[in-house]
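Peer 1:
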Ligand SMILES: C[S@@+](CC[C@H](N)C(=O)[O-])C[C@H]1O[C@@H](n2cnc3c(N)ncnc32)[C@H](O)[C@@H]1O
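Numbering (our numbering), first residue to last: 60 to 266.
1. Quick check on the burial criterion: 16 or more other C-beta atoms within 10 angstroms. Buried or exposed for residue 193?
2. Considering Cα atoms alone, identify which of 170, 255 and 183 is closest to residue 156.
3. Within a Cβ cutoff of 8 angstroms, which residues of the same chain sit near residue 67, ignoring the five residues on either side of it in sequence?
4. Could you give the C-beta distance for residue 158 and residue 108, rounded to a whole number, given that I count them as a contact under 8 angstroms?
5. Taking just the CA atoms, how far does residue 170 sit from residue 72?
6. Kindly indicate which three-state DSSP category residue 266 falls into: helix, strand or coil?
7. Can you grab the Cα-Cα spacing for the pair residue 83 / residue 102, in whole Å?
8. Which partner residues of residue 67 appear in the DSSP bridge assignment?
9. For residue 288, which residues of its own chain have a beta-carbon under 6 angstroms away from its beta-carbon, when the five flanking residues on both sides are left out?
10. Measure the alpha-carbon distance for residue 174 versus residue 233 and round it to whole angstroms.
11. So within the segment 91-172, which uninterrupted beta strand (DSSP E) runs reach at least 3 residues, ignoring any that extend past its ends?
12. So, at 8 angstroms on beta carbons, what are the nonlocal neighbours of residue 216 in its own chain, with the 5 sequence-adjacent residues on each side left out?
13. With the cut-off set at 9 angstroms, would you say residue 242 and residue 256 are in Cβ contact?
14. Run the CB neighbour count on residue 120, radius 10 Å, all protein chains shown included, and call it buried at 16 or more, exposed below.
15. Near residue 134, which residues of its chain fall below 7 angstroms by C-beta distance, leaving aside the five closest residues on each side in sequence?
16. Within the segment 183-235, note down every full alpha helix (DSSP H) run reaching 4 residues or more, in order along the chain.
17. Could you tell me if the beta carbon of residue 253 falls within a distance shorter than 8 angstroms of some heavy atom in ligand 1?
18. Determine the DSSP secondary structure at residue 254, reduced to helix, strand or coil.
19. Is residue 270 near ligand 1, in the sense that its beta carbon is under 8 angstroms from a heavy atom of that ligand?
20. What does the alpha-carbon distance come out to for the pair residue 132 and residue 144?
Take a look at the structure:
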């Protein structure tokens with residue numbers, strides 16, 4: 060799919076961007092410096108930054124080929140910085156401190172160690188009061204998985220055996236190892252979850 064400007068676009072990102080923005084506006088009512096990990100084609104960056112000029116958005120991705128698309132899509136948005144090449148596994152990340160981080164749809168399209176790396180890297184770049192938001196599909200122990208998520212998971216694993224929808228409990232464990240706790244879980248359309256992660260009390264670096 061391509062958008063009106065001829066830029067490649069993900070249909071899923073077009074469908075989910077407003078629902079995600081509605082939650083982020085509640086979570087971040089005022090100005091924020093936000094680092095986005097795994098910006099992909101930049102659709103979320105462009106949509107969110109256009110809606111909220113008081114958010115300063117730093118897009119990034121591990122795929123060098125994505126950066127030009129992100130830059131073109133966000134051209135004209137003064138509050139979007141030039142996209143950075145950031146692979147969560149290569150730390151320290153080449154970014155300055157931010158107030159918040161956002162990462163959508165990466166954990167299941169990347170090897171398992173990227174989950175540990177995301178939380179570890181986030182802890183290095185976020186202050187004690189900051190927040191990390193992740194979005195995507197997860198399998199939740201004790202809940203019947205949606206058939207669409209089961210087939211999506213099978214498709215991912217067929218494409219790359221290191222990919223796949225993560226168990227929420229495993230993600231929580233990775234987060235806790237890095238000093239985060241799950242502060243909020245928001246059910247989103249199409250069997251996705253938006254998860255809010257905060258630094259666990261007693262684990263703040265300044266404590
Ligand atoms: C499915 S796309 C999601 C793009 C966008 N966030 C969205 O929701 O539409 C997954 C993205 O994760 C990125 N990615 C994969 N491994 C990564 C890593 N190790 N570090 C950072 N980004 C990574 C890919 O390059 C790709 O852009």
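By construction, the Cβ of each residue, glycine as well, lies at the ideal position given by its N, Cα and C atoms.
Peer 2: Result, derived from the coordinates:
1. The residue given as residue 193 occupies position 134 in the chain shown. Residue 193 comes out buried.
2. Taking the chain shown and counting its residues from 1, the one referred to as residue 156 is at position 97. Ranking the options by Cα distance to residue 156, first place goes to 183.
3. Reading the chain shown from its first residue, position 8 is the one you call residue 67. Excluding sequence neighbours, residue 67 sits near 60, 61, 100 and 128.
4. On the chain shown, position 99 is the one that residue 158 refers to. On the chain shown, position 49 is the one that residue 108 refers to. Incorrect: roughly 15 angstroms between the Cβ atoms, too far for contact.
5. Working through the chain shown from its first residue, we reach residue 72 at position 13. Working through the chain shown from its first residue, we reach residue 170 at position 111. Those two C-alpha atoms are separated by around 21 angstroms.
6. As a first step, residue 266 must be located in the chain shown, where it is residue number 207. For residue 266, the predicted structure reports a pLDDT of 42, less than 50, and the residue's modelled location is therefore unreliable. A value from the coordinates is still provided. Three-state result, residue 266: coil.
7. For the purposes of this step, residue 83 is taken as residue 24 along the chain shown, with counting starting at 1. For the purposes of this step, residue 102 is taken as residue 43 along the chain shown, with counting starting at 1. Going from the Cα of residue 83 to the Cα of residue 102 covers about 15 angstroms.
8. For the purposes of this step, residue 67 is identified with residue 8 of the chain shown, where counting begins at 1. According to DSSP, which records beta bridges pairwise, residue 67 is partnered with 61.
9. Residue 288 lies beyond the stretch modelled for the chain, which goes from 60 to 266, so this question has no answer here.
10. Position 115 of the chain shown, counting from 1, holds the residue named residue 174. Position 174 of the chain shown, counting from 1, holds the residue named residue 233. Taking the straight line from one Cα to the other gives about 7 angstroms.
11. 91-96, 114-117 and 157-163
12. Here the question's residue 216 lines up with position 157 in the chain shown. Once the five neighbours on either side are set aside, the close Cβ partners of residue 216 are 222 and 223.
13. One-based indexing of the chain shown puts residue 242 at position 183. One-based indexing of the chain shown puts residue 256 at position 197. Yes, they are a contact pair.
14. The residue labelled residue 120 in the question sits at position 61 within the chain shown. With 16 or more Cβ atoms within 10 Å of its Cβ, residue 120 is classed as buried.
15. For the purposes of this step, residue 134 is identified with residue 75 of the chain shown, where counting begins at 1. Nothing meets the Cβ criterion.
16. Complete alpha helix (DSSP H) runs here, min 4: 206-218.
17. Taking the chain shown and counting its residues from 1, the one referred to as residue 253 is at position 194. No, the beta carbon of residue 253 sits no closer than 8 angstroms to any heavy atom of ligand 1.
18. Within the chain shown, the letter at position 195 stands for residue 254. If DSSP states are grouped into helix, strand and coil, residue 254 belongs with the strands.
19. No information on residue 270 is available, as it lies outside the stretch 60 to 266 that the chain covers here.
20. The residue labelled residue 132 in the question sits at position 73 within the chain shown. The residue labelled residue 144 in the question sits at position 85 within the chain shown. Rounded to whole angstroms, residue 132 to residue 144 spans 16 angstroms at the Cα level.
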